[in-house]
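Presented below is the structure to which this report refers.
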Amino acid sequence: MDLSRKSNRSEAKRLLLLAILAGQTMLKNGAETYRAEDTIERICKSRYGIKYADAFATPTGIFASLEFEGEIITYLIRVKSTKIDLNKINLVNEFSREFVNSNMSVDDGLTKLRRINKIDNYNVLIRSLFGSLACAFFSLLFGGTIKDFISSYLVSLVVLLSVNKIDKYKMTFFINNFIGAALASILSIISIKIGIGKNMDTIIIASIMSLVPGVAITNAMRDTISGDFVSGLSRGMEAIFSALAIAFGVGVVLNIYFKGLI
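Letter by letter, the sequence shown follows residues 402 to 663 in my numbering.
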C-alpha cells in the first residue's frame with residue numbers, strides 16, 4: 402500500500418468517524434433515528450467520491466459503513482444515555498448542511514462538532530423554574546383555580562429539582578419517574594391538607610406533566626411511520642414503561658391515602 406492510498410484511507414476513516422459522532426450527538430439529545438441515519442449518510446457521501454454509505458441506528462447504538470476504493474470501512478458506537486436538547490440537534494443539522502455544501506476539512510468538522518457537544522444546557526434551577534411554570538398552566542387548562550395554579554407550580558418545582566438530583570445517581574428512567582410521580586402525589590395531598598390547593602386531582606395531573614414522555618411518544622410514531630420499526634418499537638416501549646412508572650407512583654400514594662394511612 403503506497404503512502405498516498407494509505408493517507409486517503411485514513412481520511413476516509415476520519416470522515417466516517419465524524420459522521421457517526423454527528424449521529425451520536427443527535428441521538429443522545431433526543432433526535433429521531435431516521436434523522437441521525439440521514440445525517441451520517443449525507444456526510445459520508447460528501448467527500449472523496451464515496452458512492453456507498455449506509456447507517457443503521459437504534460436508540461442505543463449506531464452501525465455505519467462506507468466503501469472506499471473497494472474496501473468496506475465500518476464503525477459501531479454505543480449511545481448509553483439520552484436527554485432532550487433540541488438546540489444541539491438543530492446545531493448538528495446546521496453543521497451537517499454546512500459541511501456537505503462547503504470545503505470544510507474533516508479536522509475542522511471534528512473540532513466544530515466537539516464544540517457543539519461542549520455547549521452547556523440551561524442550569525437546573527432555570528429548567529426547574531420554567532418547567533414548573535409550564536406545568537402550573539396545565540392546571541388552568543384542566544379547569545383548576547388560581548390556588549391550584551400556585552400549588553401546581555410549587556409541587557412541580559420540588560419534583561423537578563428532586564428528579565434532577567436523583568439523575569446524578571444514574572438510576573433508570575423507571576425509578577426516576579416512579580419517585581417523581583409519588584412525590585408529586587404526596588405534595589399535592591399536603592397542599593390540599595394545608596389549604597393551599599383546592600382540587601387534588603388537577604394538581605396531581607398538572608404536576609406530573611413534566612414527567613410525561615412526550616418526546617419518546619412522538620419519536621416512536623415518527624420512526625414507525627418512516628419504516629424504522631425496530632427503533633419505533635424500542636421508543637414506544639420506553640414511553641409505555643415511563644407512563645407505567647408514573648401511574649404506579651401516583652397509584653401507590655393515592656391507594657395509601659384513600660385507605661386513611663396518610
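All C-beta atoms, glycine included, are put in the ideal place defined by N, C-alpha and C.
- Here Gly545 carries a coil assignment [DSSP, helix/strand/coil].
- Only residues of its own chain outside the window of five on either side were considered, and among them Ser529 have a CB closer than 6 Å to the CB of Leu562, listed in chain order.
- Residue pairing by DSSP puts Ala456 in a beta bridge opposite Ala465.
- Sorting Thr625, Ile421, Asn578, Tyr658 by C-alpha distance to the C-alpha of Tyr476 places Ile421 at the top.
- Taking every protein chain shown into account, the CB of Lys489 has 16 or more other CB atoms within 10 angstroms, so this residue is buried.
- Exposed is the label assigned to Leu526, since fewer than 16 other Cβ atoms lie within 10 Å of its Cβ.
- According to the DSSP assignment, Arg448 belongs to no beta strand (DSSP E), since it is labelled neither H nor E.
- Contact between Ile444 and Phe500 is confirmed by a C-beta separation of about 6 Å, below the 8 Å threshold.
- Contact check between the region 438-457 and the region 501-517: three or more CB pairs, one atom from each, fall below 8 Å, which counts as touching.
- Thr512 is classed as exposed because its beta carbon has fewer than 16 other beta carbons within 10 Å across all chains shown.
- Asp509 counts as exposed, since fewer than 16 other beta carbons sit within 10 angstroms of its beta carbon.
- Bounds of the beta strand (DSSP E) holding Tyr476 are 472-479.
- A direct Cα-Cα distance of roughly 14 Å separates Lys599 from Ala537.
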